[in-house]
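Take a look at the structure set out below.
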Amino acid sequence: MTSASLRDVIHGGAGLIAAFLLQAALQRVAAPVLLAVNVFAVTVIVFAVLKGELAGAVMGLACGLVVDSFSLGIFGLAGIANTVTGYAAGYVSRKINVLLPSRMVVFIGLMGLLDFSLWVLLTSVFFGQAVPWDRGLVFVQPLLTAVLGTLTYTLIRKLKARRDG
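Start counting the sequence shown at 315; every next residue gets the next number (the numbering used here).
Below, the structure is given as structure tokens:
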């Protein structure tokens with residue numbers, strides 16, 4: 315394993331742990347906010363933009379399985395949705411320039427919408443479970459994912475620029 319790939323594994327593990335800790339903190343402070351903010355989708359999308367489609371898919375699988383292991387639903391739903399979203403985010407971000415903040419907000423919003431749509435499709439259509447709409451709060455999830463993802467990406471880039479010189 316090269317030092318770059320080992321560094322990617324360490325960064326991915328750190329991102330997964332940070333997402334889990336933020337999710338746990340939000341659950342203790344304001345549980346309804348978790349329907350409007352998908353911390354793991356933000357982690358997957360930002361990691362995919364930074365590292366590429368394969369790394370995004372692997373991060374999506376890891377984050378999705380963590381989400382599924384703590385939910386009471388069917389194991390694998392979030393894993394599938396996050397894996398597809400991670401791959402798509404990494405692939406599309408390599409094909410088009412999404413580095414401008416305005417493009418990044420739109421891009422992450424669309425990827426958040428993809429993740430949400432896949433989850434709803436898998437939950438309701440294929441497995442016949444009711445989706446927890448919670449008075450429409452869940453519909454702002456792609457927008458908040460876009461804002462949080464863009465802020466996270468910008469912060470990571472600034473920290474990396476400061477570290478590199």
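Idealized CB from N, CA, C, for every residue including glycine.
Report the three-state DSSP secondary structure of residue i (helix, strand or coil).
i: P456; result: helix
i: N352; result: coil
i: P415; result: helix
i: G390; result: coil
i: I410; result: coil
i: V445; result: coil
Give the C-beta separation of residue i and residue j to the nearest angstrom, bearing in mind that I take them to be a contact with Cβ-Cβ under 8 angstroms.
i: T399; j: M425; result: 6 angstroms
i: A395; j: L458; result: Rounded, the Cβ-Cβ distance is 17 angstroms, inconsistent with contact.
Can you determine whether any heavy atom of the ligand NAP sits closer than 7 angstroms to the C-beta of residue i, and answer yes or no?
i: G393; result: You won't find the ligand NAP in this model; it holds no ligand whatsoever.
Beta carbon of residue i, beta carbon of residue j: below 8 angstroms?
i: A369; j: A362; result: yes
i: F421; j: I388; result: no
i: V381; j: A371; result: no
i: T357; j: G378; result: no
i: L349; j: L340; result: no
i: I359; j: G463; result: yes
i: N456; j: G423; result: Residue identity differs from the one stated: residue 456 is Pro in this sequence, not Asn. Yes. Within cutoff.
i: L428; j: A402; result: yes
Work out the CA separation of residue j and residue i for me, nearest whole Å.
i: V419; j: F430; result: 16 angstroms
i: L386; j: G329; result: 24 angstroms
i: A345; j: A338; result: 9 angstroms
i: R342; j: L473; result: 29 angstroms
Report task. Pick out the complete alpha helix (DSSP H) segments inside the region 337-384, 4 residues or longer, and give them in chain order. Result -> Fully enclosed alpha helix (DSSP H) runs of 4 or longer: 347-350, 353-365 and 367-384.
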